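What follows is one structure encoded as structure tokens, with my remarks underneath.
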Amino acid sequence: MSSHTDPAHPTAHPVSRRTLLGGAGLVVASAALLSTPAGTAHAATGPTPFTLGVASGDPWPDGVVLWTRLAVDPLALDGLGGMPDQSFRVEYQVATDEGFRKVVRSGAVTTDRTQGYAVHVTLTGLRPGTEYFYRFRALGHLSRVGRTVTAPARGSNPSSLTMTVASCANWEHGYFTAYGHMAAERPDLMVHLGDYYYEIMPYGYPVSSGVPRAHRNGESRTLAQYRARMAQYKTDPHLQDAHAAAPWLVIFDDHEVENNWADETPEIWDPNFLARRAAAFQAYYENMPLRASSVPRGIDMQLYRRIHWGNLATFHLLDTRQYRSDQANLDLVKVVDADARDSRRTITGAAQEAWLREGFETSVARWDLITQQVPFVQYDRSSGPVLWGDMDSWDGYVASRDRVVSAWTTAGVRNPVVLTGDIHEAFASDIKQDFNDLSSESVGVELITTSITSGGDGSDAAAEALAWNPHIKFNNDLRGYLRVDLSAQLLEARFRVVDYVSELGSSVRTRAVFGVGDGEHRLHRIA
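Numbers -43 to -1, 1 to 484, taken from mature numbering (1 follows the signal peptide of the UniProt record, and there is no 0), label the letters of the sequence shown in order.
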């Protein structure tokens, strides 16, 4: 295992009034202390620098992170967006109305080449449970307007929460139509579970529905390549719409760095892997609306954290990549054997596991959402006597899964729900107390969102393996996303699908609807 740090990160509280970060050099400023109005900038000169859109994320009761990144030439292969080597002043405004007649915060921050020309503004002093609108100005140009929402007050009992959940968007496998439909939902939150972009070489992952658009600039290995690849993805108009529609909660999986990496071990031997990992982390932070606690420090990045939605929901956002043991059986033999069951192996690391257990023990939420990357429930791919599973999922870390389930049952978590991505298919499953006995009690549920594009068009079909996995209630291979509506009494999950991604224009439809009643710990099909 790695010797790098694995800090337990406490429940989030509002940040200090003004923080100037070293390391990556990113400026995070309290809007309450800055008063420069956005309208005082000079007249526009040259092309707009806001080609990569705007975003917000990690809402808490009195604030949120706002993001943009300057790029006049977003596809520049050096990853610097055609920006000159100098610092730039970026102004921002926050209002309670979309026309900005009621501006409640304004200010300015600076950015430069060391930050990839990214901007992160950490706002405090806002009202809880409130809708806001924001925009930026630089070089005389105004950005598009973004919509964001603050979390309800701690201890409050909001009546509802609506969120969309997404994963796995491969540029080459199709168009991001599903992101456009997510934007139209105007949820309170959007949750992205990883594989936001793919590092792979152009045409490196063929699928039967073809490559309607291609990656540029080779496989991402350097900071310049990761920045350029992320910028290519950020130019997608549907992705920009989704970011502008609601605040996001984000975690990475493997393709933000390299396929199936595990802690300091790459999938394929690479003496430069740690430098590659550090570069990928920096580019990821530069392009995501993350708070200052997630600024990378070399090969380390604090990603696991909690977000509270009053007493209705707590999000436990996990990191199952940085601290995991290498995959069992060299990730080649897919048998869930003694190696996969070894209690010394971990997918979370000891510190994160303890942090999660503490979160369960102190939770007062109606719904605890364990928000993570790879399939959690046992999924036997073979009808024979040998359990055949995916070593990159929790089936390859059986003891870790058992400890997490034991932690929430011992703590008496009222409604544990695991939200997952990664597998490019939709699943709805009951979580068993003992997966060695599939007739045992159900102690929670897992909802797996399909991919945005990864895998190509897919098909409206279910896997044959469901016949010998009775705890799995639904499976579908179309692209799309998950919509979840929470109230105190019911979680309702809608599996939203598009019929194709190899061309633009697919409509969206609801393929299935499942409910989980308060305290039931099992799924029931609604539609």
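Backbone N, C-alpha and C fix where the C-beta goes; we use that ideal spot for every residue, glycine too. Remember, predicted model here, so these are calculated numbers, not experimental data.
| field | Coil, strand or helix - S113 by DSSP | value | coil
| request: Specify, as a first and last residue, the run of the beta strand (DSSP E) that H130 falls within. | output: No beta strand (DSSP E) contains H130, which DSSP labels as neither H nor E.
| task | Note the first and the last residue of the continuous alpha helix (DSSP H) segment covering F452. | result | Unbroken run through F452 is the beta strand (DSSP E), L447 to V455; no alpha helix (DSSP H).
| task | Return helix, strand or coil for T2, following the three-state DSSP convention. | result | coil
| task | Spell out the partners DSSP gives K389 in its beta bridges. | result | S399
| field | Pair within 8 angstroms by beta-carbon distance, H130 and V78 | value | no
| request: Kindly indicate which three-state DSSP category L180 falls into: helix, strand or coil? | output: helix
| CA-to-CA distance, F452 to V470, given in whole angstroms | 6 angstroms
| query | What are the residues that DSSP puts in a beta bridge with D257? | reply | R254
| said: Tell me the DSSP secondary structure of T71 in three-state form. | reply: helix
| field | Backbone CA spacing between L287 and S463 [nearest angstrom] | value | 40 angstroms
| query | Once you ignore the five residues that flank V321 on each side, which residues in its own chain have a CB closer than 7 angstroms to its CB? | reply | N268
| Could you give the residue range of the alpha helix (DSSP H) that holds E315? | A307 to T319
| query | What span of residues does the beta strand (DSSP E) with P373 cover, start to end? | reply | P373 to T377
| If we count the other Cβ atoms within 10 Å of its Cβ and call it buried at 16 or more, is L80 buried or exposed? | buried
| field | Segment limits, beta strand (DSSP E) that includes F93 | value | E88 to A95
| To which residues does DSSP link residue 512 through a beta bridge? | The structure shown does not extend to residue 512, since the chain is modelled only from -43 through 484, so no value can be given for it.
| request: Take every Cβ of the stretch 19 to 39, pair it with every Cβ of the stretch 216 to 235, and state whether three or more of those distances are shorter than 8 angstroms. | output: no
| Of all the options A123, Y74, S100 and P6, which has the alpha carbon lying nearest to the alpha carbon of Q330? | A123
| field | DSSP state of L231 mapped onto helix, strand, coil | value | helix
| task | Taking 8 angstroms as the cut-off, decide whether the C-beta atoms of A237 and V214 are in contact. | result | yes
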